[in-house]
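*Asks:* Residue numbers (the numbering used here): 879 to 1163. All residues carry an ideal CB built from backbone N, CA and C; glycine is no exception. Here it is: the structure, laid out below.
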Ligand code: GLU
Ligand code: ZN
């Protein structure tokens, strides 16, 4: 059975790009007689606004989607802690007290996700009075697992290559997990068999595949979909105040637009004025 999910973070209103993402996940499950899940990704304590989750549910309903909701991330902190403890016991994590400024000062190389941590704290006695993050010892982790592959609907079989991300953070200083750890554990716990999300997160799947192997989790397949781009060719972002651009879902809903008709246009690839669909970074399918 195919199980997909839409996993928005309640730190800003949904925009058309999210609607597209939810519709893709919904339809892939429905067409296969599977299940479509909604998971609220709210571990980002300081930035999460609980009332937004209600708005998201209204938005999805307005688009004509049906879903099963699974528990929000904030209720699953124990599972993140347990996984982190296990990796720590296995010698695969280390404490890092570095601030962003300290890392920047080392002029590290830039990887797919931004600055690549140069491993300063690895093997070093850290000052436990300073708050610390837990980083994955990438070299050790890769020694443990050997060659890994993952499968994407458009890109086919991909050799997992997480090395270029360096020692990624799995437990943040300010949250009990990073996106990578939480999303990987939750997808497994929720029985997600087909992970759908935008191609902007294509590279994250290299890390998620590695974590699945380290934590003995089932391996799903992936479907990375195209992104909605604005007039400048930039992907729509929550931070650009969806509303101002007229692409905010809640604004369209309360403004009396027909959500189902909008969903159908998106399905047919008919984008509203000013919006285009990106190409696949790894060649168009
Ligand atoms: N919470 C993430 C976001 O809103 C979801 C990413 C994913 O689908 O894995 O960007
Ligand atoms: Zn450090």
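1. Going by DSSP, what residues sit across from residue 1074 in a beta bridge?
2. Using a threshold of 7 Å, is the CB atom of residue 1056 nearer than that to any non-hydrogen atom of ligand 1?
3. Restricting to runs no shorter than 4 residues, where is the alpha helix (DSSP H) found entirely within the region 1026-1095?
4. Please report how far the alpha carbon of residue 886 lies from the alpha carbon of residue 1030, in whole angstroms.
5. Measuring alpha carbon to alpha carbon, tell me which residue in 1157, 1101, 1109, 1155 is nearest residue 902.
6. Compare the beta carbon distance of residue 1050 and residue 1011 with 8 Å and say whether it is the shorter of the two.
7. Beta carbon of residue 962, beta carbon of residue 1048: below 8 Å?
8. What's the C-alpha gap between residue 970 and residue 997?
9. Could you work out which residue in 1095, 1091, 991 is closest to residue 1045 when comparing CA atoms only?
10. How many Å lie between residue 1163 and residue 984 at the Cα?
11. Pick out every residue whose C-beta is nearer than 6 Å to a heavy atom of ligand 1: which are they, in chain order?
12. Following a CB-centred definition, is residue 998 positioned closer than 7 Å to any heavy atom of ligand 2?
*Replies:* Based on what the coordinates show:
1. In the DSSP output, where bridge partners are listed per residue, residue 1074 has 1101.
2. For residue 1056, the shortest C-beta to heavy atom distance toward ligand 1 is 7 Å or greater.
3. With a minimum length of 4 residues, the continuous alpha helix (DSSP H) runs that stay inside the region 1026-1095 are 1057-1067, 1082-1092.
4. Going by C-alpha positions, residue 886 is about 21 Å away from residue 1030.
5. Distance check between residue 902 and each of 1157, 1101, 1109, 1155 places 1101 closest, using alpha-carbon atoms only.
6. Cβ atoms of residue 1050 and residue 1011: closer than 8 Å.
7. Here residue 962 is near residue 1048, since their CB atoms are less than 8 Å apart.
8. Residue 970 and residue 997 have their C-alpha atoms some 13 Å from each other.
9. 991 is the residue among 1095, 1091, 991 whose C-alpha sits nearest the C-alpha of residue 1045.
10. Because residue 1163 carries a pLDDT of 42, less than 50, the predicted location of this residue cannot be relied on, and the following value inherits that uncertainty. Their Cα atoms are separated by approximately 40 Å.
11. Listed by chain position, these are 885, 886, 887, 919, 1061, 1075, 1079.
12. Yes.
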